[in-house]
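Engineer: A single structure is presented below for examination.
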Amino acid sequence: MSLPKRIIRVGSPYEGGKFKLELFLPDDYPMVAPKVRFLTKIYHPNIDRLGRICLDVLKANWSPALQVRTILLSIQALLSSPNPDDPLANEVAEDWKNDEQNAIKTAKQWTETYAV
Amino acid sequence: MSDYEFEYETEDEYSNLESEADSLDDLDSEDEIGDVLRADSVHYSFKNKQTAGGLCTHRMRYKPVEADEIEAQLKARVANVDTILQLGADDCTVLLLKYGWNDQKLLEDYTTQEPESLRRECGLGPESRVRARLVRESEPQFLCQICCSDGPLYTFQLSWCDHRYCVDCYVRYIRGGQSALVKCPDTSCALYVRPGELEQLSTFEEQRVRQQEEHENQLRKQSVSGPLTSEEIMAKYQKPLVDSSDEELDEDQESDESAEDALFNFHERHIKQQRLEKQNQRNKILLRRYWYTVVVQYTKKHFKTFKNCPAIDCECFIEYLGFDSDVITSVEEYVAHKYIPIVQCSNGHRFCYACLSEDHAPATCTVVQTWIKTCADETETSHWITANTKDCPKCSSPIEKNGGCNHMTCGECHYQFCWICLGDWSRHKNNYVCTSFNDEESKKEREKQETSRVSLKRYLFYFDLFEIHRVSLKKDTEFLAKLEHRVQEIQQRAKVSWIEAHFYRESIDILLRCRITLMWSYALMFYFKSSAEKGFLERTQSNLSNHVEALSKLFEITPTEKVIKEKEAFLTKSNALKSCHEKCIEKFMESLVLGRISFTSELK
Chain A
830 MSLPKRIIRV
840 GSPYEGGKFK
850 LELFLPDDYP
860 MVAPKVRFLT
870 KIYHPNIDRL
880 GRICLDVLKA
890 NWSPALQVRT
900 ILLSIQALLS
910 SPNPDDPLAN
920 EVAEDWKNDE
930 QNAIKTAKQW
940 TETYAV
Chain B
623 MSDYEFEYET
633 EDEYSNLESE
643 ADSLDDLDSE
653 DEIGDVLRAD
663 SVHYSFKNKQ
673 TAGGLCTHRM
683 RYKPVEADEI
693 EAQLKARVAN
703 VDTILQLGAD
713 DCTVLLLKYG
723 WNDQKLLEDY
733 TTQEPESLRR
743 ECGLGPESRV
753 RARLVRESEP
763 QFLCQICCSD
773 GPLYTFQLSW
783 CDHRYCVDCY
793 VRYIRGGQSA
803 LVKCPDTSCA
813 LYVRPGELEQ
823 LSTFEEQRVR
833 QQEEHENQLR
843 KQSVSGPLTS
853 EEIMAKYQKP
863 LVDSSDEELD
873 EDQESDESAE
883 DALFNFHERH
893 IKQQRLEKQN
903 QRNKILLRRY
913 WYTVVVQYTK
923 KHFKTFKNCP
933 AIDCECFIEY
943 LGFDSDVITS
953 VEEYVAHKYI
963 PIVQCSNGHR
973 FCYACLSEDH
983 APATCTVVQT
993 WIKTCADETE
1003 TSHWITANTK
1013 DCPKCSSPIE
1023 KNGGCNHMTC
1033 GECHYQFCWI
1043 CLGDWSRHKN
1053 NYVCTSFNDE
1063 ESKKEREKQE
1073 TSRVSLKRYL
1083 FYFDLFEIHR
1093 VSLKKDTEFL
1103 AKLEHRVQEI
1113 QQRAKVSWIE
1123 AHFYRESIDI
1133 LLRCRITLMW
1143 SYALMFYFKS
1153 SAEKGFLERT
1163 QSNLSNHVEA
1173 LSKLFEITPT
1183 EKVIKEKEAF
1193 LTKSNALKSC
1203 HEKCIEKFME
1213 SLVLGRISFT
1223 SELK
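Line by line, the protein sequences are chains A and B. Residues are numbered in this note's numbering as their position in the first sequence, beginning at 1, plus a constant of 829. Residues are numbered in this note's numbering as their position in the second sequence, beginning at 1, plus a constant of 622.
Okay, structure coming up:
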């Protein structure tokens, strides 16, 4: 089962963007975490070129009591607070650390270009 | 039945007692005694404290243990900590798991830190008590947050939080956990599931499964008598979806067994059966599974002290108990001194404690590794090279003949020579005949060729010997697989008791062990530089080989009646082999440990 979802986030470089996500629920769900992936291109230190997301609740900290809603909320939270110290996309993370203003600008540009 | 008479241990009589007891199917009472004896017995990696030549063997002490015994050990440690902390076994188990069984650190932290915060950090509730009735039937408006099923449902929760989930989900959740420490499914809750709490869930689940089975049985009976209602038809068609996999498995096993029943090794089958039974139990009863996970986690963490038997399907462990020597303190040191720590698990599998491969005495771990690598690299290639190539007389690079013409030009050094006599081609121009054997030039060339291939030949020589014994070993093992059947036959035909026919099994056991020793001794020889000591070892080796063949010949006796008549011969031959084997191992050990023998450069 896979269902595209749209999230609109306010108050960050991704503000106003409409990001498409793919949500895959494996057979063992909810005992194992769903697989979530960004389909829209995004400039974010914890999301790589293929849209894979580095998020604890999707991996080790998954619990069957979490729901799709909570997962999406966690992803929204990740968008508003990027964590370049635990990166998945190394180049983006480096950019973020060296020149945060510039990185945020790029992220904004990407949002305007792709997430419309 | 699990013990061999010739194992290196002190409690020989006890193990015999035990095997007799088992054979008489007098399991209950005798087994208990056996267990007590086994619990106290310390085994040694070598039989004697000193070799005949006076070399101290610095034996490694160990104890073959099973998961249940380790579980008991761990529970005793929990109880021990509990006597000091007075928190109850449940809390102490979680604390110890959290502290990786480091009780000293735990006690220190518990006395120096604020108990309240320590408890919170370790995922424990405000009180140690386990509440009763954690499994309850819910009110109708309850909704399980995991599977979204509506009430009324049976729910489970931990004592000190109110995160209730339906029993099905909780059970699946706990089964899915890899670690023994399982948290409450709610992400904001830090509490761990404690064994006492788990017990309630486990008991409930067990009862429910039993009830379900009974119910299904009844349904089945009803469906046999009288016409089916639509519900029964539904049940009938839905049920196999759940059960079919199990049933198929059962059927498979049965057909396998019937086909192999007579042939399959009784001993191995027994081990497998036990393992399956235990696994079944574990999967059925949640609490057992919990403790098994605790044990496995513990042994993995303490891998220096506990080693899992590497044999397939064997779940036994070996507990390391140190050395009976002041000089050697660790396994690494032991191996560095060229000793070989061979241990035997409760199921009779012998293996090396240091490298976890099968018994490989007298070869050291390094030799074994190098040998296996060499075999993998060289065997195929070198066989082909010897069969299809000759070396260039000038630069010694191997050359494959690619056409009919005997005028060869080396691709490396462009030397021109004759394929037949290996002599310089320039001599062949004036009607020179190279096919006469006594020609001086060609003789020289042939000799040169031989020396250049000598190392390859040396390798192939030892490899062949190794391989011959490996094949014999395989055949003998196959024979052993049929042995139980044969022993029964001997027993029935000759009308003797199981004990009296036991010599047959023991003889083959010692034969197998000696074949393994011989096999590895050839691999070892390959790496020895030739010296007087090597010649001496070779004689020991061939002596052992003679004894092996002598005993092996006895197994060709086929009419069962004759076998029992030859019992004396079996006993004398296997006893001779046994002492010869011991001596052989000791001699190799002396040469290796005392450095009387030097290795070739092939052993890096």
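No residue lacks a Cβ here, since even glycine has one placed at the ideal position from N, Cα and C.
Return the chain-ordered list of same chain residues with a C-beta closer than 8 Å to the C-beta of K805 of chain B, the five sequence neighbours on each side being excluded.
Structural biologist: Numbered from its first residue, the second sequence carries residue 805 of chain B at position 183. So the qualifying residues of the chain are G745, C811, A812, L813, Y814 and V815.
Engineer: Specify, as a first and last residue, the run of the beta strand (DSSP E) that Q767 of chain B falls within.
Structural biologist: Within the second sequence, the letter at position 145 stands for residue 767 of chain B. Careful: Q767 of chain B lies outside any beta strand (DSSP E) and carries neither H nor E.
Engineer: If you measure between the beta carbons of L1173 of chain B and K1195 of chain B, is that distance less than 8 Å?
Structural biologist: Your numbering for residue 1173 of chain B matches position 551 in the second sequence. Your numbering for residue 1195 of chain B matches position 573 in the second sequence. Contact: yes.
Engineer: Hey, C1273 of chain B and I940 of chain B are a contact pair by Cβ (cut 8 Å); roughly how many whole angstroms apart?
Structural biologist: Nothing can be reported for residue 1273 of chain B: it is not among the residues displayed for chain B, which extend from 623 to 1226.
Engineer: Below 8 Å on C-beta distance, what does D808 of chain B contact in chain A?
Structural biologist: Translated into the one-based positions of the second sequence, residue 808 of chain B becomes position 186. Per Cβ cutoff of 8 Å: S892 and A894.
Engineer: I'd like to know whether the C-beta of P855 of chain A is nearer than 8 Å to at least one C-beta of chain B.
Structural biologist: Counting from 1 along the first sequence, the entry for residue 855 of chain A is found at position 26. Closer than 8 Å: no.
Engineer: Go ahead and pull the three-state DSSP assignment for Y961 of chain B.
Structural biologist: By 1-based counting over the second sequence, the position of residue 961 of chain B is 339. Y961 of chain B falls in the coil class under three-state DSSP.
Engineer: Going by CA-CA distance only, name the one from B:K1187, B:C1202, B:L1214 and B:K669 that's closest to E1155 of chain B.
Structural biologist: As a position in the second sequence, residue 1155 of chain B is number 533, starting the count at 1. Taking only the C-alpha atoms, the option nearest E1155 of chain B is B:L1214.
Engineer: Smallest Cα separation from C1017 of chain B: which of B:H1036, B:Y666 and B:Q901?
Structural biologist: In the second sequence, residue 1017 of chain B corresponds to position 395, counting from 1. Among B:H1036, B:Y666 and B:Q901, the Cα nearest to that of C1017 of chain B is on B:H1036.
Engineer: At 7 Å on the CB atoms, spell out the chain B contacts of P859 of chain A, in chain order.
Structural biologist: To locate residue 859 of chain A, count along the first sequence from 1; it is residue 30. I768, listed in chain order.
Engineer: Is the region 692–707 of chain B in contact with the region 796–803 of chain B, if contact means three or more CB pairs nearer than 8 Å?
Structural biologist: Taking 8 Å as the limit for Cβ pairs, the verdict is that the region 796–803 of chain B does not touch the region 692–707 of chain B.
Engineer: Apart from the five residues on each side of it in sequence, which residues of its chain come closer than 6 Å, Cβ to Cβ, to R681 of chain B?
Structural biologist: Mapped onto the second sequence, residue 681 of chain B falls at position 59. Cβ within range, chain order: Y666, S667, F668 and D946.
Engineer: According to DSSP, is L1146 of chain B part of a helix, a strand, or is it coil?
Structural biologist: The count along the second sequence starts at 1 and reaches residue 1146 of chain B at position 524. Helix at L1146 of chain B.
Engineer: Going along the region 783–801 of chain B in order, which residues come within less than 8 Å of chain A, judged by CB to CB distance?
Structural biologist: Going along the region 783–801 of chain B in chain order, one finds H785, Y787, C791, R794, Y795 and G798 with a Cβ nearer than 8 Å to chain A.
Engineer: Tell me, to the nearest whole angstrom, how far the beta carbon of V917 of chain B is from that of I692 of chain B; I am working on the premise that it is less than 8 Å.
Structural biologist: Within the second sequence, residue 917 of chain B is the residue found at index 295, counting from 1. Within the second sequence, residue 692 of chain B is the residue found at index 70, counting from 1. About 5 Å; that satisfies the 8 Å criterion.
Engineer: When you compare the CB of R910 of chain B with every CB in chain E, is at least one pair closer than 8 Å?
Structural biologist: Reference to chain E is not applicable here, since the protein chains of this structure are A and B.
Engineer: Which residue spans inside the region 985–1049 of chain B form an unbroken alpha helix (DSSP H) run of at least 4?
Structural biologist: Runs found: 987–1010.
Engineer: What are the residues that DSSP puts in a beta bridge with I882 of chain A?
Structural biologist: For this step, residue 882 of chain A is matched to residue 53 along the first sequence. The partner list for I882 of chain A (beta bridge, DSSP) reads A:I876.
Engineer: Taking only the alpha-carbon atoms, compute the straight-line gap between L943 of chain B and T927 of chain B and give it to the nearest angstrom.
Structural biologist: One-based indexing of the second sequence puts residue 943 of chain B at position 321. One-based indexing of the second sequence puts residue 927 of chain B at position 305. So the alpha carbons of these two residues sit roughly 7 Å apart.
Engineer: With DSSP collapsed to three states, give me the class of R753 of chain B.
Structural biologist: One-based indexing of the second sequence puts residue 753 of chain B at position 131. R753 of chain B: coil per DSSP, three-state reduction.
Engineer: Identify, in the order they occur along the chain, each residue of the same chain with its Cβ nearer than 6 Å to the Cβ of L917 of chain A, setting aside the five sequence neighbours on each side.
Structural biologist: To locate residue 917 of chain A, count along the first sequence from 1; it is residue 88. Within the same chain, L917 of chain A has close Cβ partners N875, D877 and C883.
Engineer: Just verifying my parser: in three-state terms, what is the DSSP assignment at Q896 of chain B?
Structural biologist: Locating residue 896 of chain B in the second sequence gives position 274, counting from the first residue. Note: Q896 of chain B maps to helix in three-state DSSP.
Engineer: Please return the same chain residues whose Cβ sits closer than 6 Å to the Cβ of V990 of chain B, not counting the five positions on each side in sequence.
Structural biologist: Residue mapping note: residue 990 of chain B aligns to position 368 of the second sequence, counting from 1. Answer for V990 of chain B: H982, listed in chain order.
Engineer: Express the C-alpha separation of R904 of chain B and K894 of chain B in angstroms, rounding to a whole number.
Structural biologist: Within the second sequence, numbered from 1, the residue matching residue 894 of chain B stands at position 272. Within the second sequence, numbered from 1, the residue matching residue 904 of chain B stands at position 282. Distance between the alpha carbons of K894 of chain B and R904 of chain B: 15 Å.
Engineer: Counting pairs of beta carbons, one from the region 944–963 of chain B and one from the region 707–723 of chain B, are three or more of them closer than 8 Å?
Structural biologist: No contact exists between the region 944–963 of chain B and the region 707–723 of chain B.
Engineer: Checking the sheet assignment: what are the DSSP bridge partners for L852 of chain A?
Structural biologist: The residue given as residue 852 of chain A occupies position 23 in the first sequence. A:V865.
Engineer: Can you check DSSP and say which residues form a bridge with F928 of chain B?
Structural biologist: Position 306 of the second sequence, counted from the first residue, corresponds to residue 928 of chain B. Paired residue(s): B:E941.
Engineer: State whether the region 852–862 of chain A contacts the region 884–904 of chain A, with contact taken as three or more CB pairs (one from each stretch) at a distance under 8 Å.
Structural biologist: A contact exists between the region 852–862 of chain A and the region 884–904 of chain A.
Engineer: When you compare the region 757–766 of chain B with the region 781–799 of chain B, are there three or more beta-carbon pairs, one atom per stretch, that lie closer than 8 Å?
Structural biologist: Cβ pair count under 8 Å is three or more, so yes.
Engineer: Grouping DSSP H, G and I as helix and E and B as strand, with all else coil, what is M682 of chain B?
Structural biologist: Within the second sequence, numbered from 1, the residue matching residue 682 of chain B stands at position 60. Three-state result, M682 of chain B: strand.
Engineer: Name the two residues that bound the continuous alpha helix (DSSP H) containing T1162 of chain B.
Structural biologist: Position 540 of the second sequence, counted from the first residue, corresponds to residue 1162 of chain B. Per DSSP, T1162 of chain B belongs to the alpha helix (DSSP H) from A1154 to L1176.
Engineer: Should K1012 of chain B be labelled buried (16 or more other beta-carbon atoms within 10 Å of its own) or exposed?
Structural biologist: The sequence position of residue 1012 of chain B within the second sequence is 390, counting from 1. It is buried - the Cβ of K1012 of chain B has at least 16 other Cβ atoms within 10 Å.
Engineer: Judging by CA-CA distance, which residue of B:L1095, B:T1099 and B:Q1114 is the nearest neighbour of W1142 of chain B?
Structural biologist: In the second sequence, residue 1142 of chain B corresponds to position 520, counting from 1. Comparing Cα positions, the closest option is B:L1095.
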